[in-house]
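K.L.:
Quick one: the structure is below, questions incoming.
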Amino acid sequence: MTATTAHDDHHHAAPKGISRWLTTTNHKEIGTLYLVFSLAMFLVGGAMALVIRAELFAPGLHLVNPEFFNQMTTMHALVMIFGAVMPAFVGLANWMVPLMVGAPDMALPRMNNWSFWILPFAFLILLSTLFMPSGAPASGWTLYPPLSLQGGNSFAFVIFAIHLMGISSIMGAINIIATILNMRAPGMSLLRMPMFVWNWLITAFLLIAVMPVLAGAVTMLLTDRFFGTSFFDAAGGGDPVMYQHIFWFFGHPEVYIMILPAFGIISEIIPTFSRKALFGYTSMVYATASIAFLSFIVWAHHMFTVGMPLGGALFFMYATMIIAVPTGIKVFNWVATMWRGSMTFETPMLFALGFVILFTIGGLSGVMLAIVPTDFQYHDTYFVVAHFHYVLVTGAIFAIMAAVYYWIPKWTGYMYDERLGKIHFWWSTISVNVLFFPQHYLGLAGMPRRIPDYAVQFAEFNLISSIGGFAFGFGQLLFVWIVIKCVRGGKQAEARVWDGARGLEWTVPSPAPLHTFDTPPVVTENTEHSAYLQR
Amino acid sequence: MIAAEDQVKSTNAQTIGKLVVIAVLMFGFGYALVPLYDKFCEITGLGGRTGDQVAELSENQAVDPNRSVKVHFDSNINSQLPWDFEPAETFMEVKPGQMYETHYVARNRSSVPVVAQAVPSVAPGQAALYFNKTECFCFEEQLLMPGEAKEMPVRFFVDSKLPDKVDLITLSYIIYRNDEATSLASSK
Ligand SMILES: [Cu+2]
Numbered sequence: 131m132t133a134t135t136a137h138d139d140h141h142h143a144a145p146k147g148i149s150r151w152l153t154t155t156n157h158k159e160i161g162t163l164y165l166v167f168s169l170a171m172f173l174v175g176g177a178m179a180l181v182i183r184a185e186l187f188a189p190g191l192h193l194v195n196p197e198f199f200n201q202m203t204t205m206h207a208l209v210m211i212f213g214a215v216m217p218a219f220v221g222l223a224n225w226m227v228p229l230m231v232g233a234p235d236m237a238l239p240r241m242n243n244w245s246f247w248i249l250p251f252a253f254l255i256l257l258s259t260l261f262m263p264s265g266a267p268a269s270g271w272t273l274y275p276p277l278s279l280q281g282g283n284s285f286a287f288v289i290f291a292i293h294l295m296g297i298s299s300i301m302g303a304i305n306i307i308a309t310i311l312n313m314r315a316p317g318m319s320l321l322r323m324p325m326f327v328w329n330w331l332i333t334a335f336l337l338i339a340v341m342p343v344l345a346g347a348v349t350m351l352l353t354d355r356f357f358g359t360s361f362f363d364a365a366g367g368g369d370p371v372m373y374q375h376i377f378w379f380f381g382h383p384e385v386y387i388m389i390l391p392a393f394g395i396i397s398e399i400i401p402t403f404s405r406k407a408l409f410g411y412t413s414m415v416y417a418t419a420s421i422a423f424l425s426f427i428v429w430a431h432h433m434f435t436v437g438m439p440l441g442g443a444l445f446f447m448y449a450t451m452i453i454a455v456p457t458g459i460k461v462f463n464w465v466a467t468m469w470r471g472s473m474t475f476e477t478p479m480l481f482a483l484g485f486v487i488l489f490t491i492g493g494l495s496g497v498m499l500a501i502v503p504t505d506f507q508y509h510d511t512y513f514v515v516a517h518f519h520y521v522l523v524t525g526a527i528f529a530i531m532a533a534v535y536y537w538i539p540k541w542t543g544y545m546y547d548e549r550l551g552k553i554h555f556w557w558s559t560i561s562v563n564v565l566f567f568p569q570h571y572l573g574l575a576g577m578p579r580r581i582p583d584y585a586v587q588f589a590e591f592n593l594i595s596s597i598g599g600f601a602f603g604f605g606q607l608l609f610v611w612i613v614i615k616c617v618r619g620g621k622q623a624e625a626r627v628w629d630g631a632r633g634l635e636w637t638v639p640s641p642a643p644l645h646t647f648d649t650p651p652v653v654t655e656n657t658e659h660s661a662y663l664q665r
Numbered sequence: 669m670i671a672a673e674d675q676v677k678s679t680n681a682q683t684i685g686k687l688v689v690i691a692v693l694m695f696g697f698g699y700a701l702v703p704l705y706d707k708f709c710e711i712t713g714l715g716g717r718t719g720d721q722v723a724e725l726s727e728n729q730a731v732d733p734n735r736s737v738k739v740h741f742d743s744n745i746n747s748q749l750p751w752d753f754e755p756a757e758t759f760m761e762v763k764p765g766q767m768y769e770t771h772y773v774a775r776n777r778s779s780v781p782v783v784a785q786a787v788p789s790v791a792p793g794q795a796a797l798y799f800n801k802t803e804c805f806c807f808e809e810q811l812l813m814p815g816e817a818k819e820m821p822v823r824f825f826v827d828s829k830l831p832d833k834v835d836l837i838t839l840s841y842i843i844y845r846n847d848e849a850t851s852l853a854s855s856k
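As you go down the protein sequences, you meet chains X and V in turn. Residue 131 is where the first sequence starts when you use the working numbering, and the numbers rise one by one after that. Residue 669 is where the second sequence starts when you use the working numbering, and the numbers rise one by one after that.
Have a look at this one:
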């Protein structure tokens with residue numbers, strides 16, 4: 131068999147133990163590594179969030195000093211964004227994209243290994259700053275100068291860690307694009323690709339476009355701090371506001387990097403459990419593309435209060451509000467997919483529905499923040515905190531949870547415990563709202579973000595929010611247990627795990643063998659996958 | 669099969685090549701934003717940057733005798749700089765198109781020579797374009813010997829094209845210590 135000789139390099143006896151994982155170039159194993167790493171970082175970042183919520187449980191300074199509190203808010207964000215959410219999506223892409231497009235592996239298996247193994251080192255460096263004499267970064271994850279430049283020498287380690295994370299995600303993105311563009315099975319035209327693949331393709335382009343800009347911005351911080359340049363130093367002719375422009379030129383596309391793959395996941399799950407084809411497939415593709423395009427021209431909505439000409443403020447306000455249109459199309463299409471479907475409510479579907487409802491709440495508070503005069507009121511208050519946690523926790527994280535429940539039988543070969551999954555969903559959904567909903571009111575009442583202490587009139591809502599925080603945080607241990615239980619055993623999963631599921635990934639056995647699609651499948655109009663698109 | 673795989677490999681290489689070029693260009697774009705931003709601010713007056721027109725312009729300007737604009741002078745001192753620094757007059761009524769002169773007073777409170785740099789800013793942003801300084805102590809570094817005090821002049825005019833709705837302009841300075849020049853000055 132010629133295929134065997136061609137694949138010689140990865141069919142040899144695999145090394146055992148730790149070196150198997152260090153040297154693996156298999157997309158499924160690397161996907162698993164990403165997902166496990168992401169789960170670990172989710173717990174680390176979550177522990178930091180609990181330090182924050184514990185300190186804010188009651189007014190006054192109780193547990194930690196303000197400096198450490200600021201380190202916690204900064205590190206919580208960096209760990210959750212770059213350590214939990216992004217690697218989880220990359221892990222899902224590694225596992226599922228080759229299976230969904232009928233490719234034997236990612237386009238660049240060796241680079242894939244690198245891009246994962248850079249990450250643990252990056253986070254080792256980032257987390258080690260907590261134990262350095264000058265401490266972890268404490269100026270917020272946005273690292274605004276001049277404040278971020280007034281810390282100690284540990285700042286250099288933070289920048290280096292961010293560089294490594296950037297390199298890792300750029301390599302990951304290049305790999306995903308090359309896989310999607312060049313490795314699709316015969317007959318799988320671009321408009322026959324599953325939505326998850328489409329959304330990841332666009333996300334990967336966003337990553338390549340903006341991660342280098344972040345790398346540039348933090349490099350300027352580094353040279354300002356240590357090498358005497360003055361990009362952001364007014365005394366030397368620089369301008370600190372310019373940093374905010376460069377940062378948010380990266381930062382706004384970054385928030386879509388964290389949500390577009392989630393849109394893809396939801397667009398896979400809702401049709402499966404509605405037993406209908408996705409409504410408005412083509413409009414979904416165009417909506418994703420236009421969200422990606424618009425993300426480049428709205429950055430200054432994060433900085434209305436720095437003072438900008440009226441014309442500029444109006445431009446960024448309208449451009450931002452236009453994004454609600456393609457996003458609205460997506461929500462409409464998901465609802466229309468469910469309309470008259472024969473729906474069932476297994477855990478992945480519950481998380482997907484939770485996503486649709488709660489993400490929309492986050493989207494609406496986003497529209498409120500886009501309005502310049504109201505933004506002047508809400509800027510840097512807890513309203514902003516509530517907004518982005520609705521889109522990131524009940525948005526991105528809920529979608530990741532949904533994806534794990536949806537595909538884990540394919541990964542492990544066993545069904546997860548449905549009863550525990552449902553408990554996890556309801557526990558998380560109730561507690562996450564107890565956690566974040568009161569923060570809207572705190573913000574409207576004027577409580578600033580990133581403060582360790584607050585005026586007594588904010589006490590009740592903070593108390594409620596902290597109770598929700600602890601309930602949500604410890605509730606995720608149940609998720610860890612469900613995953614461990616499902617890896618260990620359970621009811622045997624079939625190849626097509628869900629009876630409404632369509633797509634190539636369900637044509638391989640469960641668990642998916644290490645090597646799949648060595649001979650590419652042929653996708654035609656009559657095969658199930660495209661039939662699924664057209665039904 | 670092998671031929672097909674080789675073909676995929678070479679298309680992959682092409683794709684990677686293009687994507688790496690995009691990534692490198694975007695890194696450069698981050699840096700290109702610095703001069704772009706400066707130009708943008710100069711054109712729009714964003715960030716309170718003042719116009720850099722020259723003195724002869726003022727001669728061509730018709731002075732509007734019926735219009736008067738209030739100019740507010742403000743000063744801020746960076747905490748690293750051991751100086752006093754304040755405007756001689758806090759307010760001035762000016763006629764657009766006419767040249768005016770005022771000064772700030774600075775005094776070195778420390779026992780060593782110190783070099784400082786002042787950075788101007790004009791509010792509101794839309795007035796910044798029309799506020800022209802023809803002479804300013806902020807154009808160069810200022811050296812003060814221990815205990816020395818100095819009057820530092822500013823010559824300016826407000827362009828007669830200043831939008832009608834603006835009747836108050838604030839000229840604000842922040843003055844910083846220039847560490848490099850200071851260490852040079854004290855080693856002399
Ligand atoms: Cu944004």
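Glycine included, every Cβ here is placed at the ideal spot set by N, Cα and C.
(1) Could you check which residue in V:709, V:770, V:794 and V:679 has the C-alpha nearest to that of residue 825 (chain V)?
(2) Grab me the residues of residue 813 (chain V)'s own chain with a C-beta within less than 6 Å of its C-beta, minus the 5 sequence neighbours each way, in chain order.
(3) Ordered along the chain, which non-local residues of its own chain (more than five positions away) have a Cβ less than 6 Å from that of residue 830 (chain V)?
(4) Does residue 690 (chain V) get closer than 9 Å to chain X when you measure Cβ to Cβ?
(5) Taking Cβ positions only, does residue 361 (chain X) come closer than 9 Å to chain V?
(6) With C-beta atoms as the reference, is residue 802 (chain V) less than 9 Å away from residue 741 (chain V)?
(7) Buried or exposed for residue 406 (chain X), please, with buried defined as at least 16 other CB atoms from any protein chain shown within 10 angstroms of its CB.
(8) Run through DSSP, which three-state label would residue 395 (chain X) get?
(9) Can you tell me where the beta strand (DSSP E) holding residue 209 (chain X) begins and where it ends?
(10) Would you mind telling me which residues of chain X sit closer than 7 Å to residue 697 (chain V), beta carbon to beta carbon, in chain order?
(11) Show which residues of chain V have a CB atom less than 9 Å away from the CB atom of residue 295 (chain X).
(12) Going by DSSP, what residue range makes up the beta strand (DSSP E) through residue 240 (chain X)?
(13) According to DSSP, which residues form a beta bridge with residue 628 (chain X)?
(14) Is residue 312 (chain X) close to chain V? Criterion is C-beta to C-beta, closer than 9 Å.
(15) DSSP three-state call for residue 312 (chain X): helix, strand or coil?
(16) Can you find the residues in the same chain that come closer than 8 Å, C-beta to C-beta, to residue 338 (chain X), ignoring five residues on each side of it along the sequence?
(17) Going by DSSP in three states, residue 156 (chain X) sits in which element: helix, strand or coil?
(18) Just verifying my parser: in three-state terms, what is the DSSP assignment at residue 546 (chain X)?
(19) Determine, for residue 802 (chain V), whether the minimum Cβ-Cβ distance to residues of chain X falls below 9 Å.
(20) Does the beta-carbon of residue 435 (chain X) have 16 or more other beta-carbons within 10 angstroms, so that it is buried, or is it exposed?
(21) To which residues of the same chain is residue 552 (chain X) closer than 8 Å at the C-beta, ignoring the five residues directly before and after it?
(22) From the DSSP output, in three-state form, read off residue 509 (chain X) for me.
(23) Can a CB atom of chain A be found closer than 9 Å to the CB of residue 369 (chain X)?
(24) To which residues of the same chain is residue 508 (chain X) closer than 8 Å at the C-beta, ignoring the five residues directly before and after it?
(25) Tell me whether residue 668 (chain X) is buried or exposed, calling it buried when 16 or more other Cβ atoms sit within 10 Å of its Cβ.
(26) With a 10 Å radius around its C-beta and 16 neighbouring C-beta atoms as the bar for buried, classify residue 412 (chain X) as buried or exposed.
(27) Over the uninterrupted beta strand (DSSP E) stretch that includes residue 802 (chain V), give me the two end residues.
(28) Under the DSSP definition of a beta bridge, which residues are partnered with residue 786 (chain V)?
(29) From residue 598 (chain X) to residue 703 (chain V), what distance separates their C-alpha atoms?
(30) Can you tell me whether residue 385 (chain X) sits near ligand 1, meaning its C-beta is under 8 Å from at least one heavy atom of the ligand?
(31) Can you tell me which of the three DSSP states residue 791 (chain V) falls into?
(32) Output the boundary residues of the beta strand (DSSP E) element that contains residue 745 (chain V).
(33) Could you confirm whether any beta carbon from chain V is found closer than 9 Å to the beta carbon of residue 646 (chain X)?
(34) Give the DSSP bridge partners of residue 759 (chain V), in chain order.
(35) Between residue 381 (chain X) and ligand 1, is the CB less than 8 Å from at least one heavy atom?
(36) Under the three-state reduction of DSSP, which class applies to residue 766 (chain V): helix, strand or coil?
P.N.:
If we stick to the structure as given:
(1) The alpha carbon of residue 825 (chain V) has as its nearest neighbour, out of V:709, V:770, V:794 and V:679, the alpha carbon of V:770.
(2) Result list for residue 813 (chain V): 781, in chain order.
(3) Taken in chain order, the residues that qualify are 764 and 798.
(4) For residue 690 (chain V), a Cβ of chain X is located within less than 9 Å of the residue's own Cβ.
(5) Cβ-Cβ to chain V under 9 Å: yes for residue 361 (chain X).
(6) Not a contact, by the Cβ cut-off of 9 Å.
(7) Answer is buried; the Cβ neighbour count reaches 16.
(8) Of the three classes helix, strand and coil, the one that applies to residue 395 (chain X) here is helix, per DSSP.
(9) In this chain, residue 209 (chain X) is not harboured by any beta strand (DSSP E), its DSSP state being neither H nor E.
(10) Ordered by position in chain X, the residues that pass the 7 Å Cβ test against residue 697 (chain V) are 343.
(11) Chain V residues near residue 295 (chain X): none, gap ~14 Å exceeds 9 Å.
(12) The continuous stretches of beta strand (DSSP E) do not include residue 240 (chain X), which lies in the alpha helix (DSSP H) extending over residues 239–258.
(13) According to DSSP, which records beta bridges pairwise, residue 628 (chain X) is partnered with nothing at all.
(14) Closer than 9 Å to some Cβ of chain V, the Cβ of residue 312 (chain X) qualifies, so yes.
(15) It is helical.
(16) For residue 338 (chain X), same chain residues with a beta-carbon under 8 Å away, outside a window of 5 residues either side, are 300, 303, 304 and 307 in chain order.
(17) Three-state result, residue 156 (chain X): coil.
(18) In the structure shown, residue 546 (chain X) sits in coil (DSSP, three-state: anything other than H, G, I, E or B).
(19) Answer no: the Cβ-Cβ gap between residue 802 (chain V) and chain X never drops below 9 Å.
(20) It counts as exposed.
(21) The answer, listed in chain order, is 477 and 480.
(22) When secondary structure is reduced to three states using DSSP, residue 509 (chain X) falls in the coil class, being assigned neither helix nor strand.
(23) In the displayed structure, chain A is absent; the protein chains listed are X and V.
(24) Only 498, 499, 514, 573 and 574 meet the Cβ criterion.
(25) A query on residue 668 (chain X) cannot be resolved here, the shown segment of chain X reaching from 131 to 665 and no further.
(26) Its Cβ having fewer than 16 others within 10 Å, residue 412 (chain X) is exposed.
(27) Start and end: 799–804.
(28) DSSP output for residue 786 (chain V) lists V:843 as bridge partner(s).
(29) Computed Cα separation, rounded: 47 Å.
(30) Yes, Cβ of residue 385 (chain X) sits closer than 8 Å to a heavy atom of ligand 1.
(31) Residue 791 (chain V) carries a strand assignment under DSSP once its states are collapsed to helix, strand and coil.
(32) Unbroken beta strand (DSSP E) run through residue 745 (chain V): 737–745.
(33) Cβ-Cβ to chain V under 9 Å: no for residue 646 (chain X).
(34) Answer is V:740, bridged to residue 759 (chain V).
(35) Yes.
(36) When DSSP states are grouped into helix, strand and coil, residue 766 (chain V) belongs to the coil group.
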